[in-house]
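Chains A and B, in that order, give the protein sequences.
Under our numbering, read the first sequence as residues 1 to 275, first letter to last.
Under our numbering, read the second sequence as residues 1 to 307, first letter to last.
The beta-carbon is built from N, C-alpha and C at its ideal position, and this holds for glycine as well.
Contents: one structure, followed by commentary.
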Amino acid sequence: MSPGRFTGLVTVAGMLFLWLPLLVVVLFSLHTTASLSFPFDGFSLRWYERISESPEVRAAARNSLVVATSTALVTLVLATLAAYGMSRSRSRWRAPLSLLFFLPITLPGLFIGIALLIAFSRLEYSLSLVTVTVAHLVYVFPFFFLLARAALERLDPALEEAAADLGATGWTIFRRVTLPQVWPVLVGAACLAFALSFDEFIITFFVVGPDPTLPLFIWSSLRRTIDPSINAISTLLLAFTVLLFVVTFALTSWGERRRRGTVDPLVLTGAQEPR
Amino acid sequence: MSAVAEPPAASPARAPAPRERGLRLGPVLLTLPAALTLLLFLIAPLAAFAVYSFLTGSLYEVSGPLTLENYREIAQSELNRKLARNSLIVGLLAAVSSVVIALPIAYWLRYTTSRTKTLVLFLIVASFLASYLVRIYAWRTILGAEGVINSGLGALGIVDEPLTFLVFNRFAVTLALVHIYLPYVILVIYAGLGPLQPAYLEAAQDLGAGWVQRWRRVVLPAVAAPVGSALLFVFVLSAADYVTPQFLGGTASVMIGVQVQVAFQGTGDYAGGAAISFALLAGFLVCYGLVALGLRLARLDRLRFAS
């Protein structure tokens with residue numbers, strides 16, 4: 001039963017709808033003049049040169065790198081432990097924990113951002129890149145957790161049982177049996193966490209201190225003058241995110257293919273609710 | 001956590017199942033660091049946020065005792081009602097449009113035998129990760145008076161005056177929100193179609209069902225639950241959005257999220273902002289209940305497929 005022509009046409013239209021606006025941004029990042037409208041006067045790299053010389057852009061990019069790297073690393077540890085614990089436990093705490101670990105996806109960023117803003121102000125903890133990292137940790141946790149748990153649950157239990165029968169203890173089993181099977185998925189999920197953190201704006205806006213991240217810098221530029229240098233930053237951001245996604249996808253599908261022969265890319269988006 | 005700490009087995013014959021023996025401490029303990037982190041940095045802050053909505057606010061301050069005054073005040077405010085209505089309309093429009101566009105795409109993805117399927121999946125997930133602000137910016141440069149559409153139409157001699165109905169209104173906000181959430185909705189519905197084998201559709205066709213009947217009696221019941229959750233997801237995130245309306249909305253289409261953001265970063269009315277937030281959250285919970293109830297009444301919440 002092949003789908004009809006209508007659904008094929010909608011799919012093509014849908015892809016154009018998703019990508020044309022982004023391609024317009026890329027196109028005008030290469031514009032010779034400061035204009036963001038037609039007629040298109042020719043290509044140049046001057047806006048890329050300008051942003052590469054801007055100390056503000058460099059500082060913002062550095063801040064984003066620091067935050068995204070810390071977020072990804074801390075999430076890697078916390079969410080891997082949590083996912084391993086959940087997938088190997090039959091405790092009655094599983095249901096409430098599942099709910100807790102999934103909660104940040106279901107809450108609009110506005111709530112997470114303001115709740116943390118209130119918490120930090122009550123604790124009299126001044127806003128900085130640390131508070132941004134904490135916020136991002138909460139935000140990206142469920143994405144990593146779902147991906148890691150799905151991978152861990154698909155493992156063949158016989159291998160870990162065999163290791164236990166041969167006398168290996170918990171940590172040894174994890175390090176010598178479990179980890180070699182799932183590390184590509186975990187690294188891929190860390191890349192996804194990095195990408196999500198690198199792009200986050202809605203929550204960051206409330207908990208950012210004096211040092212802006214890249215999305216914060218874009219936001220403040222949007223409120224001043226709009227010129228193709230914003231397009232250039234956006235294009236680099238886009239390219240970077242897509243690249244990270246390719247790495248994530250390659251690693252997770254490779255990791256999964258080694259296990260099962262198939263891969264489910266959906267879990268990347270947290271599209272599957274925990275059961 | 002009483003069940004997790006098992007004593008070491010005394011003799012091999014009485015050994016617990018190998019998996020438990022491997023992790024004597026109890027695997028659920030491994031979730032502790034993450035659980036504590038989320039309790040500390042999500043649940044506790046949300047609780048404090050909720051308490052703010054019952055306190056008396058002054059400029060950038062809140063103080064006791066507990067009161068319902070904030071809720072009474074926001075319920076009586078004409079402005080809040082208007083902003084909530086705008087949020088409701090934009091949220092519904094965005095949610096319904098995304099689902100309507102996503103359904104045929106998800107259907108194509110599920111049943112196509114074309115080799116472009118992987119490419120399309122890639123394009124969808126990659127665009128899902130494309131920056132939120134960049135998308136809003138893209139639509140601003142496309143729809144604006146000096147934007148790509150107007151300058152393009154002008155250069156082609158189709159219009160003399162720029163079209164002003166494109167931006168700074170509900171339409172522009174909805175368009176950008178659909179653009180932001182469409183990839184997610186496609187993926188959720190696509191996942192929902194997973195268990196619906198092509199054989200079911202072939203059987204329906206063999207029994208004489210036309211495409212309308214196939215959609216109504218086979219496809220839609222199968223995706224009712226994922227469609228419900230996608231509707232909720234887009235509705236909640238769109239209705240609570242505070243950035244898109246600021247860049248693409250007009251003065252007549254300001255949304256309730258903007259009011260909350262301004263309360264916390266502009267006017268300093270923390271208590272009032274908190275009350276609006278939790279009224280909004282209560283509204284979302286009602287929507288969630290309605291969708292769950294609807295699915296249950298239609299007996300679509302526990303649909304299972306034989307494989």
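With respect to the alpha helix (DSSP H) encompassing Val188/B, which residues constitute its N-terminal and C-terminal limits?
Arg170 to Leu193
For Ala115/A, the nearest candidate out of Phe278/B, Val234/B and Leu93/B (CA to CA)
Phe278/B
What does the alpha-carbon distance come out to for the pair Tyr311/B and Ile180/B?
Only positions 1 to 307 of chain B appear in this structure, which leaves residue 311/B out of reach.
With distances taken from CA atoms, which of Glu153/A, Thr11/A, Phe28/A and Leu16/A is nearest Phe43/A?
Phe28/A
What's the C-alpha gap between Gly113/A and Ala83/A?
25 Å
Are the segment 96-105 of chain B and the segment 11-30 of chain A touching by the rule of at least three beta carbon pairs closer than 8 Å?
yes
Hey, does Arg46/A have any beta-carbon neighbour from chain B nearer than 8 Å?
no
Can you find the residues in the same chain that come closer than 7 Å, C-beta to C-beta, to Ile74/B, ignoring five residues on each side of it along the sequence?
For Ile74/B, where only same-chain residues beyond five positions count, the Cβ hits under 7 Å are Asn80, Gly272, Ala275, Ile276 and Ala279.
Determine the chain B residues that contact Phe201/A at a beta-carbon separation under 9 Å, and present them in chain order.
Ser131, Tyr132, Leu133 and Val243
Could you tell me how far apart the beta carbons of Arg92/A and Met86/A are, in whole angstroms, since I believe they sit closer than 8 Å?
With 8 Å as the limit, Arg92/A and Met86/A do not qualify as a contact, their Cβ atoms being about 13 Å apart.
Selected residue, minimal CA-CA separation from Leu152/A, among Trp183/A, Pro3/A and Ser98/A:
Trp183/A
Outcome for Arg115/B when other beta-carbon atoms lying within 10 angstroms are tallied against a minimum of 16:
Exposed, by the Cβ-count rule.
Ser126/A (DSSP reduced to helix, strand or coil):
The answer is coil: DSSP assigns Ser126/A none of H, G, I, E or B.
So, using beta-carbon positions, are Thr251/B and Val173/B closer together than 8 Å?
no
Which residues, taken in chain order from the segment 229-246 of chain A, show a beta carbon closer than 7 Å to some beta carbon of chain B?
Ile230, Ser234, Leu237, Leu238, Thr241, Val242 and Phe245
Just checking: is the beta-carbon of Glu61/B within a distance shorter than 8 Å of some beta-carbon in chain A?
No, no contact with chain A.
Integer Cβ distance of Ile136/B from Leu248/B, believed to fall under 8 Å:
Rounded to whole angstroms, the Cβ separation of Ile136/B and Leu248/B is 6 Å, and the two are in contact under 8 Å.
CB contact below 8 Å: Ala79/A versus chain B
yes
Quick one: Cα of Gly266/B to Cα of Arg90/A, how far?
48 Å
Closer than 8 Å to chain A by CB, Thr174/B
no
DSSP three-state call for Phe43/A: helix, strand or coil?
strand
Leu100/A and Ala50/B closer than 8 Å at C-beta:
no
Could you pull out every residue in the same chain whose Cβ sits closer than 8 Å to the Cβ of Leu22/A, ignoring the five residues on either side in sequence?
Leu238.
Let me make sure I understand the geometry here. Which of Thr33/A, Val26/A, His136/A and Ser197/A has the alpha-carbon closest to that of Val134/B?
Val26/A
Chain-ordered neighbours of Thr113/B on chain A, where CB pairs are closer than 7 Å
Ser2
Quick check on Val223/B - is its C-beta less than 8 Å from some C-beta in chain A?
no
Run through DSSP, which three-state label would Ser2/A get?
Coil at Ser2/A, not helix or strand.
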